[in-house]
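K.L.:
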Amino acid sequence: MTLRTEIHLKPGDLLYTEGGENDCGYIIESGEIILFGTVDGKRVDIERRGPGSIVGELSVLTGRPRTVSVAALTECRAFRVSASQILALFEKLDPVLRACIDTSITFNATLQDQAANPGRLNAVVPLAPSTLNNAEDLIAELRFENDLVRGLKNGEFKMVYQPIVALSGGDIVGFEALMRWTHPEMGFVPPDRFILAAERIGAIHELTDFALMEACSALMRLRSQPGAPKGLFASVNISGQDIMRPDFVDFLTHVIDLHDLEPRHIKLEVTETALIADFEAADIHFKRLRELGFGLSIDDFGTGYSNLGYLKSLPLTALKIDRAFAGDAYQNAVSRGIVRLLIALGKELGVDIIAEGLETSDDVQTLQNLGCRFAQGYYFHKPMSEAELAAQLQTDTGKSRAVA
Ligand code: C2E
Ligand code: CA
Ligand code: CA
Numbered sequence: 195m196t197l198r199t200e201i202h203l204k205p206g207d208l209l210y211t212e213g214g215e216n217d218c219g220y221i222i223e224s225g226e227i228i229l230f231g232t233v234d235g236k237r238v239d240i241e242r243r244g245p246g247s248i249v250g251e252l253s254v255l256t257g258r259p260r261t262v263s264v265a266a267l268t269e270c271r272a273f274r275v276s277a278s279q280i281l282a283l284f285e286k287l288d289p290v291l292r293a294c295i296d297t298s299i300t301f302n303a304t305l306q307d308q309a310a311n312p313g314r315l316n317a318v319v320p321l322a323p324s325t326l327n328n329a330e331d332l333i334a335e336l337r338f339e340n341d342l343v344r345g346l347k348n349g350e351f352k353m354v355y356q357p358i359v360a361l362s363g364g365d366i367v368g369f370e371a372l373m374r375w376t377h378p379e380m381g382f383v384p385p386d387r388f389i390l391a392a393e394r395i396g397a398i399h400e401l402t403d404f405a406l407m408e409a410c411s412a413l414m415r416l417r418s419q420p421g422a423p424k425g426l427f428a429s430v431n432i433s434g435q436d437i438m439r440p441d442f443v444d445f446l447t448h449v450i451d452l453h454d455l456e457p458r459h460i461k462l463e464v465t466e467t468a469l470i471a472d473f474e475a476a477d478i479h480f481k482r483l484r485e486l487g488f489g490l491s492i493d494d495f496g497t498g499y500s501n502l503g504y505l506k507s508l509p510l511t512a513l514k515i516d517r518a519f520a521g522d523a524y525q526n527a528v529s530r531g532i533v534r535l536l537i538a539l540g541k542e543l544g545v546d547i548i549a550e551g552l553e554t555s556d557d558v559q560t561l562q563n564l565g566c567r568f569a570q571g572y573y574f575h576k577p578m579s580e581a582e583l584a585a586q587l588q589t590d591t592g593k594s595r596a597v598a
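Using the working numbering, you'd call the opening residue of the sequence shown number 195 and step up by one each time.
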């Protein structure tokens, strides 16, 4: 049997009746309906609904007969949503939201049962089924989020700095600021994990502000060291949510002023994925940042959204080729081909190319042969403290790691 999914109703037609089967719900596409019940044998109108409302879904979720009747007030078109479609949508919900809905459905059902059988009111109080089937994991994640906010206030976060070098000669030209969190019990927490959590709970801007403050004050001290590279810059990772902040540009300007730096000393790294989330906002903010003179890099280039259209519009200054390609180019011909293309693209666009994740001299040689000018990777330097970087800049003649 094929069930009709498009239902047309004339005024007064019934969509379903109280006590009826609970095999589907309906989305009202046009017209107006009325929900009504029966009290002491009399019809009681409850609510009118118009286009875009859903009816009948509750009895699918509770597995109970319809609790009200629904009739058309005007000509109506309704779309039938099968029980399995409703259950599939429900399954896709965030588990906490699903648990909240589950709890409220169960509670209402209990109230209804008690209203129908007042004698049972003082009988054994029913134990509601537990609605969170991953309560422990959830609590652990929520605790982690609380710890993150507390940890930032308690000074558990710090920045480390990984040098970015000129491939020919290995001289340090700048550094990327990377965040580290030592959790009091868990110890080292990978940044990918806490950055995602911070984005989820809306605390990323506090981490970004911290990273910018720390990186700028480190850069100010490092630049004032005797013999420091003239153009030494700091590259700071920012998240998609930062780009949308209306006060971001002002904050950034304030931070560099505070440290007597110029915009060209600061590069902001953003991933393609972060850009695509709200391209228009990114475009506006990027243009303003670039006008002021800040550097703008696309991070993990090649791994994200492959629509390269944004390259035409955004005023970029660098592309960072992801480790998955740059660090693999020596061994893998396909990666090498991709890196070659990306370098050509960078030249075409007039932006710097920085190869990430170079670990061996073969990696370095390969990237140099491909015409890449800048790099970052364990072969040259691992991320280090400000004091270590200061010492490195002092001793770095640019020759110890020279590449032929
Ligand atoms: P990313 O921005 O791509 O940073 C580069 C990552 O590659 C860093 O990992 C760095 O330590 C690592 N790396 C550098 N050279 C090599 C190499 O030769 N081999 C290997 N295997 N790895 C190398 P880290 O510090 O664990 O950071 C991971 C990610 O966390 C970063 O990836 C970035 O997306 C995010 N992150 C770190 N700090 C911050 C921050 O302050 N703000 C934001 N928004 N994200 C951050
Ligand atoms: Ca980065
Ligand atoms: Ca990267």
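Cβ coordinates follow ideal geometry from the N, Cα and C atoms, glycine included.
Helix, strand or coil for Val262? Go by DSSP, reduced to three states.
P.N.:
Here the question's residue 262 lines up with position 68 in the sequence shown. If DSSP states are grouped into helix, strand and coil, Val262 belongs with coil.
K.L.:
Determine contact between the stretch 233 to 240 and the stretch 198 to 211, defined as no fewer than three beta-carbon pairs at a distance below 8 Å.
P.N.:
No contact exists between the stretch 233 to 240 and the stretch 198 to 211.
K.L.:
Am I right that Gly531 and Gly551 are in contact with their C-beta atoms under 8 Å? What's the rounded C-beta distance?
P.N.:
In the sequence shown, the residue the question calls residue 531 occupies position 337. In the sequence shown, the residue the question calls residue 551 occupies position 357. No, Gly531 and Gly551 are not in contact; Cβ-Cβ is about 18 Å, not under 8 Å.
K.L.:
Quick one: Cα of Glu212 to Cα of Val264, how far?
P.N.:
Residue mapping note: residue 212 aligns to position 18 of the sequence shown, counting from 1. Residue mapping note: residue 264 aligns to position 70 of the sequence shown, counting from 1. So the alpha carbons of these two residues sit roughly 8 Å apart.
K.L.:
Would you mind reading off the limits of the beta strand (DSSP E) that contains Glu582?
P.N.:
In the sequence shown, counting from the first residue as 1, residue 582 sits at position 388. Taken as a continuous stretch (DSSP letters only), Glu582 belongs to no beta strand (DSSP E), being part of the alpha helix (DSSP H) at 580 to 589.
K.L.:
Which value, in whole angstroms, describes the spacing of the CA atoms of Thr402 and Gln588?
P.N.:
In the sequence shown, residue 402 corresponds to position 208, counting from 1. In the sequence shown, residue 588 corresponds to position 394, counting from 1. C-alpha separation (whole angstroms): 29 Å.
K.L.:
Does the distance between the C-beta of Tyr355 and the nearest non-hydrogen atom of ligand 1 fall short of 7 Å?
P.N.:
The residue labelled residue 355 in the question sits at position 161 within the sequence shown. Incorrect: Tyr355 has no Cβ contact closer than 7 Å to ligand 1.
K.L.:
Closest to Ile398 by CA distance: which of Met414, Met373, Pro378 is it?
P.N.:
Mapped onto the sequence shown, residue 398 falls at position 204. For the residues Met414, Met373, Pro378, the minimum Cα distance to Ile398 belongs to Met373.
K.L.:
Does ligand 1 have even one heavy atom less than 7 Å from the beta-carbon of Asn431?
P.N.:
Here residue 431 corresponds to residue number 237 of the sequence shown, with the count starting at 1. For ligand 1, at least one heavy atom lies less than 7 Å from the Cβ of Asn431.
K.L.:
Give the DSSP-derived three-state secondary structure of Asn431 in the structure shown.
P.N.:
By one-based count along the sequence shown, residue 431 stands at place 237. In this structure, Asn431 counts as strand in the three-state DSSP scheme.
K.L.:
Is the separation between the beta-carbon of Ala409 and that of Val383 shorter than 8 Å?
P.N.:
The residue you call residue 409 lines up with position 215 of the sequence shown. The residue you call residue 383 lines up with position 189 of the sequence shown. The answer is no: Cβ separation not under 8 Å.
K.L.:
What are the start and end residues of the alpha helix (DSSP H) that includes Lys204?
P.N.:
Position 10 of the sequence shown, counted from the start, is the residue given in the question as residue 204. Segment: none, Lys204 is in no alpha helix (DSSP H) and carries neither H nor E.
K.L.:
What are the boundary residues of the beta strand (DSSP E) that includes Thr256?
P.N.:
Locating residue 256 in the sequence shown gives position 62, where the first residue counts as 1. Counting along the chain, Thr256 falls outside any beta strand (DSSP E), though it belongs to the alpha helix (DSSP H) covering 251 to 256.
K.L.:
Any chance you could list the alpha helix (DSSP H) runs of at least 4 consecutive residues sitting entirely within the stretch 527 to 567, in chain order?
P.N.:
Runs of the alpha helix (DSSP H) spanning 4 or more residues and lying entirely within the stretch 527 to 567 occur at 527 to 543, 555 to 563, in chain order.
K.L.:
Quick one: grab the DSSP three-state call for Gln525.
P.N.:
In the sequence shown, counting from the first residue as 1, residue 525 sits at position 331. Coil, per DSSP.
K.L.:
Would you say His575 and Pro385 are within 8 Å of each other, going by their C-beta atoms?
P.N.:
On the sequence shown, residue 575 is found 381 positions in, with the first residue counted as 1. On the sequence shown, residue 385 is found 191 positions in, with the first residue counted as 1. Their beta carbons are not under 8 Å apart, which means His575 does not touch Pro385 by this criterion.
K.L.:
Give a yes or no on contact between the stretch 476 to 489 and the stretch 537 to 544, applying the rule of three or more CB pairs nearer than 8 Å.
P.N.:
Cβ pair count under 8 Å is below three, so no.
K.L.:
Give the C-beta separation of Ile227 and Arg243 to the nearest angstrom, bearing in mind that I take them to be a contact with Cβ-Cβ under 8 Å.
P.N.:
What you label residue 227 is simply residue 33 of the sequence shown in a count that begins at 1. What you label residue 243 is simply residue 49 of the sequence shown in a count that begins at 1. Indeed they touch by this definition, with Cβ atoms about 5 Å apart.
K.L.:
Please state the DSSP three-state secondary structure of Gly345.
P.N.:
Here residue 345 corresponds to residue number 151 of the sequence shown, with the count starting at 1. Annotated three-state conformation of Gly345 is helix, per DSSP.
K.L.:
Express the C-alpha separation of Ser433 and Phe341 in angstroms, rounding to a whole number.
P.N.:
Translated into positions along the sequence shown, residue 341 becomes position 147. Translated into positions along the sequence shown, residue 433 becomes position 239. Rather than Phe, the amino acid found at residue 341 in this sequence is Asp. Going from the Cα of Asp341 to the Cα of Ser433 covers about 20 Å.
K.L.:
Let me know if Ala371 comes out buried or exposed under the rule of 16 or more other beta-carbons within 10 Å of its beta-carbon.
P.N.:
Along the sequence shown, one-based indexing puts residue 371 at 177. A residue is called buried once 16 or more other Cβ atoms fall within 10 Å of its Cβ, and Ala371 is buried on that count.
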